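Visitor: A single structure is presented below for examination.
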Amino acid sequence: MAADNQKWWQRTVVYQIYPKSFQDTSGNGVGDLRGIINRLDYLASLGIGAIWLTPIYPSPMVDNGYDISDYTSIDPTYGTMADFDELVEEAHVRGIRIVMDLVYNHSSDRHQWFVESKASRDNPKADWYIWRDALDGKPPTNWRSIFGGSAWTWSEERQQYYLHTFAKEQPDLNWENPNVRRALFDSARFWLDKGVGGFRIDAITYIKKPTAFVNGEPDGADGMVNVHTMTANTKGILDFLREFKRECFVGRDIFTVGEANGVAADELVNWVGDNGVFDMLFEFSHLTLSNDGEVWCRPRRWKLSELKTALSNSQKATATNGWCPIFFENHDQPRGVNHYFEKDADPIKAAKALATVLMTMRGTPFIYEGQELGMTNVAWRSIDQYDDIQSRAQYEFALKEGLTAEAALESVHDFSRDNARTPMQWTAGLNAGFSSARPWMPVNENYLTVNAELEDRESGSVLNWYRELSEFRRAHEELLSGTYVELLPKNEKVFAFERTVGKKTLVTVVNFSTEEVTLPKKFSTMNILLGSELNPQPLTLRPLEARICRA
Ligand code: GLC
2 MAADNQKWWQ RTVVYQIYPK SFQDTSGNGV GDLRGIINRL DYLASLGIGA
52 IWLTPIYPSP MVDNGYDISD YTSIDPTYGT MADFDELVEE AHVRGIRIVM
102 DLVYNHSSDR HQWFVESKAS RDNPKADWYI WRDALDGKPP TNWRSIFGGS
152 AWTWSEERQQ YYLHTFAKEQ PDLNWENPNV RRALFDSARF WLDKGVGGFR
202 IDAITYIKKP TAFVNGEPDG ADGMVNVHTM TANTKGILDF LREFKRECFV
252 GRDIFTVGEA NGVAADELVN WVGDNGVFDM LFEFSHLTLS NDGEVWCRPR
302 RWKLSELKTA LSNSQKATAT NGWCPIFFEN HDQPRGVNHY FEKDADPIKA
352 AKALATVLMT MRGTPFIYEG QELGMTNVAW RSIDQYDDIQ SRAQYEFALK
402 EGLTAEAALE SVHDFSRDNA RTPMQWTAGL NAGFSSARPW MPVNENYLTV
452 NAELEDRESG SVLNWYRELS EFRRAHEELL SGTYVELLPK NEKVFAFERT
502 VGKKTLVTVV NFSTEEVTLP KKFSTMNILL GSELNPQPLT LRPLEARICR
552 A
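According to this note's numbering, the sequence shown is numbered sequentially starting from 2.
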């Protein structure tokens, strides 16, 4: 692909912010928009061109903002609409665009739409959510919600069940109803008119329900089946999404990235690229190697070759048409340092190794807040210390499956979404410089050595490695628009690939293992342009060593 055919978002880096945990300025222990404004220069130092904000709309916060009660306002905890406008403007001054999170599969049960919908069976919004009669006094199907328990909740008022893919406070919207779609599209346009640079679209694979609601084969001791198995990526979904694209995205200089659990690499052609519905898709195949169907208490050992294949499959599927977001972390995933490396791996070296893959693959890199510092998982002693609704549900599920409390907690340590949600570590001072008050969630204990202030000063820090990689990426057309070819695909220790434009090729070589590795002879002539170790040896990779070479 020639560089001049590329869009701005294909040549930039995106930074994801979880506002609740980023920077508090009001002194209530919760992050806010002013905190983000104050940190824009820091963000600009990473060479980013867009910030994806997880939801900042009014919300009862059952799922930390993914339960929205008003799609076109700002939650007062985060600030005001004036703060938001200022953020958009101040970001623009630094060449950064703000990207909003659209949560359109479901709303909060406190949204006025749901309050009206549940009031009776014949009000104007009666059909805005998914209602069904009881079957023999029980829920209509055996579907388990993603956050545990039945995906159906009984409404006394309406004497009917409503469907919720996630928590019971997150009722699924009925996309079959054109008025629902119109209302959602209007709210997307509201933000476009404010000058946002694009959208991340939440849980989008669940919006189309199957024509028949039937029981599925149970996959757990509770006799239920994950609703995902029954409703994800259902036939007809693309018709809704084509309409969404036509109504909201076409002709705008923005990007869209859909969260698409349930879409495999070989289907990408229908979702992204010239005939697709989004610009990019977060697909899950490289995230889900480590457990069985997202059941945390059924961990799975995976090999590096599987990770490489998962990533390379998406690359192949979009090689000539379409584009990938490159990501290893987000607000739903454990920290990459813990997740992708052996337990004894040096966290700084591991963070740099992952960064090197992230910033040199073909696609738009997404850095999740704190990833650029090498932030790590937490391991709290009791499930009561966990805020995340999914962590508590997975813990309960594990107990039902017969695990001991200790083993159940261990699976929470490995996979909890709270691992990614601890406050951003700015300094070695009070509350890691996140807030002057007690933070809504405890700070990770390692903030004394893992923090932005310290890392800014250390030339060999993870933070400065990210900055170097970002600058290197911008300066090398190979990394921006070059083709991708995986090297050494069967090697279980090294991830290597080349990126080529015309006659120029760069090669990324990363040792994912904690052992020294000898490279094949053909690597001996490569000139190392950027390396994570001092005095790198041409054919020997030290544990977790990462380098970018000229072929
Ligand atoms: C997505 C979000 C996650 C949220 C869920 C329900 O997966 O990333 O945080 O809990 O959707 O909205």
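Virtual Cβ for every residue (Gly too), placed ideally from N, Cα, C.
A quick note: this is a predicted structure, and the numbers were derived from the prediction, not measured.
1. Under DSSP, the alpha helix (DSSP H) around K317 begins and ends at which residues?
2. Would the C-beta of D76 count as close to the ligand GLC, meaning under 7 Å from any of its heavy atoms?
3. Can you look up H332 in the DSSP assignment and give me helix, strand or coil?
4. Looking at the structure shown, is F148 part of a helix, part of a strand, or coil, going by DSSP?
5. Excluding sequence positions up to five away, which residues of its chain have a Cβ less than 7 Å from the Cβ of E534?
6. Three-state secondary structure (DSSP) at E284?
7. If you run the structure through DSSP and keep just helix, strand and coil, what is S74?
8. Tell me the residue span of the beta strand (DSSP E) that contains M231.
9. Any residues whose CB sits closer than 6 Å to a heavy atom of the ligand GLC? List them in chain order?
10. Just to confirm my understanding: we take T26, look at its own chain, exclude 5 residues before and 5 after, and list those with CB closer than 8 Å. What are they?
11. Going by beta carbon distance, what residues of the same chain come within less than 8 Å of E454, once the five residues before and after it are set aside?
12. Find out if the Cβ-Cβ distance for the pair A152, V228 is shorter than 8 Å.
13. Report the three-state DSSP secondary structure of F435 (helix, strand or coil).
14. Evaluate contact between the stretch 134–144 and the stretch 103–114, counting only Cβ atoms and requiring at least three cross-stretch pairs below 8 Å.
15. Within the same chain, show all residues whose beta-carbon is closer than 7 Å to that of E487, passing over the 5 residues directly before and after it, in chain order.
16. For Q7, does the three-state DSSP call read helix, strand or coil?
17. Is the stretch 292–312 touching the stretch 390–399 in the sense that three or more CB pairs, one from each, lie closer than 8 Å?
18. Taking all protein chains shown into account, decide if A213 is buried (16 or more other Cβ within 10 angstroms of its Cβ) or exposed.
19. Could you check which residue in V508, P61, T377 and S417 has the C-alpha nearest to that of D385?
20. Assign P300 to one of three DSSP states: helix, strand, or coil.
21. Output yes or no for whether 8 Å exceeds the beta carbon distance between W324 and M362.
22. Just list the residues that DSSP pairs C550 with in beta bridges.
23. In whole angstroms, what separates the C-alpha of T541 from that of R548?
24. Have a look at F241, Y72, D267 and M225 and flag the residue whose alpha-carbon is nearest the alpha-carbon of K209.
25. If you follow the alpha helix (DSSP H) that M360 is part of, which residue opens it and which one closes it?
26. For the stretch 67–136, list the alpha helix (DSSP H) runs that are entirely contained and at least 4 residues long, ordered along the chain.
27. Just the C-alpha distance for M2 and A438, rounded to the nearest angstrom, thanks.
28. Flag this pair as touching only if the stretch 362–374 and the stretch 463–477 have three or more C-beta atom pairs under 8 Å; answer yes or no.
29. Give the DSSP bridge partners of R201, in chain order.
30. Report back the beta-carbon spacing between H414 and T55 to the nearest angstrom; my notes put them in contact at under 8 Å.
31. Taking 8 Å as the threshold (beta carbon to beta carbon), is S462 in contact with chain C?
32. Cα-Cα, which of I52, N420 and D254 is closest to N580?
33. Assign D293 to buried or exposed, taking buried as 16 or more other Cβ atoms, counted over all protein chains shown, within 10 Å of its Cβ.
34. For the alpha helix (DSSP H) containing R35, name the first residue and the last one.
35. If you reduce the DSSP assignment to three classes, tell me which class E493 lands in.
Guide: If we stick to the structure as given:
1. L305 to A318
2. No - the ligand GLC has no heavy atom lying nearer than 7 Å to the Cβ of D76.
3. coil
4. coil
5. R543 and E546
6. coil
7. coil
8. For M231, there is no enclosing beta strand (DSSP E); the enclosing alpha helix (DSSP H) covers residues V228 to T232.
9. D64, Y67, V104, F167, D203, A204, E260, H332 and D333
10. D33, R35, G36 and N39
11. W427, T428, A429 and G434
12. yes
13. Three-state DSSP puts F435 in coil, outside helix and strand.
14. No, they do not touch.
15. Answer for E487: K309, S313 and F498, listed in chain order.
16. coil
17. yes
18. exposed
19. S417
20. strand
21. no
22. V508 and I529
23. 11 Å
24. F241
25. P348 to T361
26. 82–94 and 113–118
27. With a pLDDT of only 48 at M2, under the threshold of 50, the placement of this residue in the model should not be trusted, and no figure is reported.
28. yes
29. Paired residue(s): D102 and V258.
30. Between T55 and H414 the Cβ distance is about 23 Å, and since that is not below 8 Å, they are no contact.
31. The structure shown contains no chain C; it holds only a single protein chain.
32. This structure cannot speak to residue 580, because the chain is shown only from 2 to 552.
33. exposed
34. L34 to N39
35. coil
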